[in-house]
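Working notes, structure below.
Residue numbers (the numbering used here): 248 to 452.
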């Protein structure tokens with residue numbers, strides 16, 4: 248059974264991601280009871296910015312229940328939540344989702360993540376701020392979401408290197424987390440919920 252880098256474990260115990268943050272970062276419009284957004288819609292905003300579609304959860308309430316169940320599994324998984332969330336931020340950057348990038352970044356900051364680590368996610372390959380286990384998680388996200396004209400997206404070599412840092416259950420944890428976000432990437436890109444707004448106020452229709 249593999250173990251994570253001790254530095255990563257220590258960092259994650261000091262900066263665990265709030266449960267509501269993970270749900271918000273994945274499900275546009277579906278928060279959990281007691282979510283706190285003291286500043287509401289923060290920062291400068293382009294005038295007239297509107298969502299393209301109404302709130303998904305008002306039309307498909309069962310979807311929020313399904314997502315909540317997957318979220319619970321992801322939340323209770325063995326990989327540190329900061330590793331999972333940094334990986335999801337990189338995934339959101341790759342697919343070009345402002346909504347998910349803002350939501351996930353806000354959550355990392357609330358959890359006390361270092362600003363330089365958040366900033367360096369886009370250029371993690373040459374950044375000195377990530378452990379080996381975190382780097383593999385980021386590389387997996389890029390491989391899954393980036394076409395490879397020369398073969399499989401997730402190569403045997405990448406899987407073998409991931410297996411040096413993570414056991415089978417942990418690899419499944421990372422896989423399910425990416426899949427959960429992936430389910431809602433089209434929601435963010437097509438429906439365009441308003442970035443930075445709290446659940447229930449992030450759709451204009």
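Quick reminder that beta carbons are idealized off the backbone N, C-alpha and C, glycines included.
Considering only the beta carbon of each residue, do residue i and residue j sit closer than 7 angstroms?
{"i": "residue 440", "j": "residue 307", "result": "no"}
{"i": "residue 390", "j": "residue 405", "result": "yes"}
{"i": "residue 420", "j": "residue 359", "result": "no"}
{"i": "residue 301", "j": "residue 448", "result": "no"}
{"i": "residue 326", "j": "residue 427", "result": "no"}
{"i": "residue 334", "j": "residue 388", "result": "yes"}
{"i": "residue 374", "j": "residue 367", "result": "yes"}
Leaving out five residues on either side along the sequence, give the residues of the same chain with a beta carbon under 7 angstroms from the beta carbon of residue i.
{"i": "residue 392", "result": "338, 341, 342"}
{"i": "residue 408", "result": "383"}
{"i": "residue 296", "result": "441"}
{"i": "residue 352", "result": "336, 365"}
{"i": "residue 305", "result": "none"}
How many Å lie between residue i and residue j at the Cα?
{"i": "residue 444", "j": "residue 378", "result": "32 angstroms"}
{"i": "residue 330", "j": "residue 319", "result": "16 angstroms"}
{"i": "residue 271", "j": "residue 350", "result": "Legend: pLDDT at residue 271 = 47, less than 50; position of this residue unreliable, value from coordinates given subsequently. Between residue 271 and residue 350, the C-alpha separation is close to 7 angstroms."}
{"i": "residue 450", "j": "residue 411", "result": "43 angstroms"}
{"i": "residue 432", "j": "residue 344", "result": "7 angstroms"}
{"i": "residue 328", "j": "residue 313", "result": "20 angstroms"}
{"i": "residue 386", "j": "residue 321", "result": "19 angstroms"}
{"i": "residue 394", "j": "residue 417", "result": "24 angstroms"}
{"i": "residue 348", "j": "residue 396", "result": "27 angstroms"}
{"i": "residue 415", "j": "residue 403", "result": "15 angstroms"}
{"i": "residue 413", "j": "residue 372", "result": "19 angstroms"}
{"i": "residue 422", "j": "residue 369", "result": "20 angstroms"}
Which residues in the same chain have their Cβ closer than 8 angstroms to the Cβ of residue i, if we skip the five residues on either side of it in sequence?
{"i": "residue 399", "result": "none"}
{"i": "residue 356", "result": "362, 365"}
{"i": "residue 298", "result": "438, 439, 440, 441, 449, 450, 451, 452"}
{"i": "residue 436", "result": "342, 343, 344"}
{"i": "residue 376", "result": "361, 363, 364, 367"}
Spatial neighbours of residue i within its chain, please: C-beta separation below 6 angstroms, excluding the five flanking residues on both sides.
{"i": "residue 401", "result": "390"}
{"i": "residue 228", "result": "No information on residue 228 is available, as it lies outside the stretch 248 to 452 that the chain covers here."}
Only counting runs of 4 or more residues, tell me where the alpha helix (DSSP H) segments fall wholly within the segment 340–417, in order along the chain.
-> Within the segment 340–417, the runs of alpha helix (DSSP H) at least 4 residues long that lie entirely inside it are, in chain order, 345–357, 362–367, 379–392, 403–412.
Contiguous alpha helix (DSSP H) assignments of at least 4 residues, all confined to the segment 299–325 | Fully enclosed alpha helix (DSSP H) runs of 4 or longer: 303–306, 308–322.
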